[in-house]
Every structure is written in structure tokens, then in C-alpha cells.
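The sequence shown begins at 0 in numbering that gives the first Met the number 0 and counts up one residue at a time.
See below for the structure under consideration.
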Amino acid sequence: MWFDAGVNLTNKRLLSDLDGVMARAEQANVQKQLIISTSIEEAEQAAKLCHQYPDKLVMTAGIHPHDAGEAPANYKEQLRELAGLPYVVAIGECGLDFNRNFSPRDVQEEVFVAQVELANELNLPLYLHERDAIDLQIELLNQYCNDSTPCLTHCFTGGVEALNRYAERGHWFGITGWVCDERRNQELVSALPYLPLNRLVLETDAPFLLPRGLKPRPKMNEPALLPVVGEALAHYLDVSVKHLAELTYANTERFFGLGENSD
0 MWFDAGVNLT NKRLLSDLDG VMARAEQANV QKQLIISTSI EEAEQAAKLC
50 HQYPDKLVMT AGIHPHDAGE APANYKEQLR ELAGLPYVVA IGECGLDFNR
100 NFSPRDVQEE VFVAQVELAN ELNLPLYLHE RDAIDLQIEL LNQYCNDSTP
150 CLTHCFTGGV EALNRYAERG HWFGITGWVC DERRNQELVS ALPYLPLNRL
200 VLETDAPFLL PRGLKPRPKM NEPALLPVVG EALAHYLDVS VKHLAELTYA
250 NTERFFGLGE NSD
């Protein structure tokens, strides 16, 4: 069985064929999915999907750095209320993105810190985004994040140095279809021998990051393609696909406090 630890199921491309997406995931033995929320609106939409598929879906509640500039004044109160839903298992996707700067940097920082403090308050894990901002992100986490608040570095694509810096903080790591792309995966592949396997989860980040090399090429990425990511990663880690599926499924349940692996 597989657990997709990151899918943008509220994206219009996936929503337009929701029943098909869920059915194909089931056929591919992707038993559970975590919906990533990047705004209040997306979190509200994700909650409706979780209500529709309560045995298959859980979600995050948070504000992405791209959306920080548009966050409502009472976003922290709204996130706190959303986090009370039984489907919400983490705060995020939150963090810093200094690559595109769709939101002003000072606003990104303010909204990020507020979510770190909320995760501390609610005893929920943090689902983290970071791009070209590792120094400040780690500085803020060291300053504001409780040692007891688990952190997942979502869609990790960095090299050995970045992995070690996050691993020193006890972070978990989400690996995506980036690992399938030999044109740009060299840094990530170089870091894989140092990856803490007991803190590894798999994610598609669908509909984005379609694994490279599939024929015929699908129109978009979706949770049913998570085994493709798993197969590529198992090759680089020199473990069986079955072992990786079992390991990452149990890890994901443990990180998000789900099921029998939550202790």
C-alpha cells in the first residue's frame, strides 16, 4: 500500500475528474492521500473533499508564502478553527519562498511565524515549503518552533548540505517525482545516501511534478503515479519497492499521528 503525503487535490485539473482520480489511485494501491492547503479557501474546499472521502483523505490547513500577501486579517483565527476539524493533521503548507517573491518577504516571514506558533499551540506538525530561503527559514524555526513540533520539509530537492542542515533539526523529508528527472535530480540523488529512512515520506505534489519518462505521457500528475516515484527512489536507495512502500506508509501515519503507527 502507498500513502501520498502531498497532493493538491483542490487544483481544478484534479477536481474536474475527482472520481476518476480517486478510482485510479485505488487501482494503483494508493490507499490514502494528504491534501495540501495553501490558503483559507483551499483549506475549506479540502475539508469538503475529506468529508466526501473520510477513509481516504486527510489534509493540512495553512497559508503558502505565495498566498501570504492575500491572507485575511484574521487568518490565524480562521486557521485555528479549521485545525479543529478531524481531518486536519498538520499546519501548512507554510514557509518562505524567495525565488519568486509573489508576496513581500516581510509578509511571508510574519505569516510563517504565526503558523509556527499555531502549530506549537495546537501540538500539530508543520508542513514546510522553502525555496531559496534556507538560512532565514532555519533561523526562524530555531527561534520560534518548539522542539516537540515535528517538521516535514515538503518536496525536498536539495543536496547534501541542505539535507544535513534540516536533518540536524530532526526534520522529515518528502520526496517527489523530482527524483525521476535525470536532467535536474543530481543534487537530490547525491543526498539520498544520507536521507534518514525513518523520516522519509513520498508525495506526488500532483498535479505538478509529473514523473519524467512515462509513455504514453499522461496529461497531468496524479496520486495513481506515486508508485512510479517509489520505484525510482527504491532504485537509488537499493531497496525493494515493497519495502519502500511499507516503510513510507508507516512513516507517514506516524508523522501525522494516524492509525496504528501513530505512537
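Here a beta-carbon is modelled for each residue, glycine too, at the ideal position from N, C-alpha and C.
Residue i - DSSP class collapsed to helix/strand/coil
i: M58; result: strand
i: T247; result: helix
i: G212; result: coil
i: F254; result: helix
i: L140; result: helix
i: L135; result: helix
i: C49; result: helix
i: C154; result: coil
i: M21; result: helix
i: P263; result: With the chain represented from 0 up to 262, any question about residue 263 goes unanswered, as that position is not in the structure.
i: V228; result: helix
i: V188; result: helix
For residue i, the nearest candidate out of the options (CA to CA)
i: T37; options: V228, V110, L121, L194; result: V110
i: I174; options: R168, R182, E167, G157; result: G157
i: G91; options: A45, Y52, N98, R104; result: A45
i: E275; options: G176, A190, W177, R182; result: The shown model of the chain, from 0 to 262, leaves out residue 275, and the question about it has no answer.
i: P206; options: I35, Q30, L196; result: I35
i: D131; options: Q142, N122, R104; result: R104
i: E120; options: G83, L208, F97, H170; result: G83
i: E25; options: D3, L48, K11, P215; result: D3
One or two residues paired with residue i in a DSSP bridge
i: K31; result: F2
i: E263; result: In the structure displayed, the chain extends from 0 to 262; residue 263 sits before or after that span and is not available.
i: I174; result: L201
Interface flag, residue i vs chain C, CB-CB below 7 Å
i: W171; result: You won't find chain C in this structure, because it holds only one protein chain.
Touching by the beta-carbon criterion (3+ pairs, under 8 Å), the region 13-20 and the region 243-260: Judged by Cβ distances under 8 Å, the region 13-20 makes no contact with the region 243-260, as fewer than three pairs qualify.
Segments of 3+ residues assigned as beta strand (DSSP E) that fall wholly inside the region 59-124: DSSP runs (the beta strand (DSSP E)) wholly in the region 59-124: 87-96.
Validate contact between the region 104-118 and the region 76-94 using beta carbons, cut 8 Å, 3 pairs: Judged by Cβ distances under 8 Å, the region 104-118 makes contact with the region 76-94, as three or more pairs qualify.
Three CB pairs or more closer than 8 Å across the region 162-172 and the region 136-150: Under the Cβ criterion (8 Å, minimum of three pairs), the region 162-172 counts as touching the region 136-150.
At least three beta-carbon pairs within less than 8 Å, the region 49-64 to the region 82-98: The region 82-98 and the region 49-64 touch, with three or more beta-carbon pairs separated by less than 8 Å.
At least three beta-carbon pairs within less than 8 Å, the region 66-75 to the region 233-248: Segments in contact, no.
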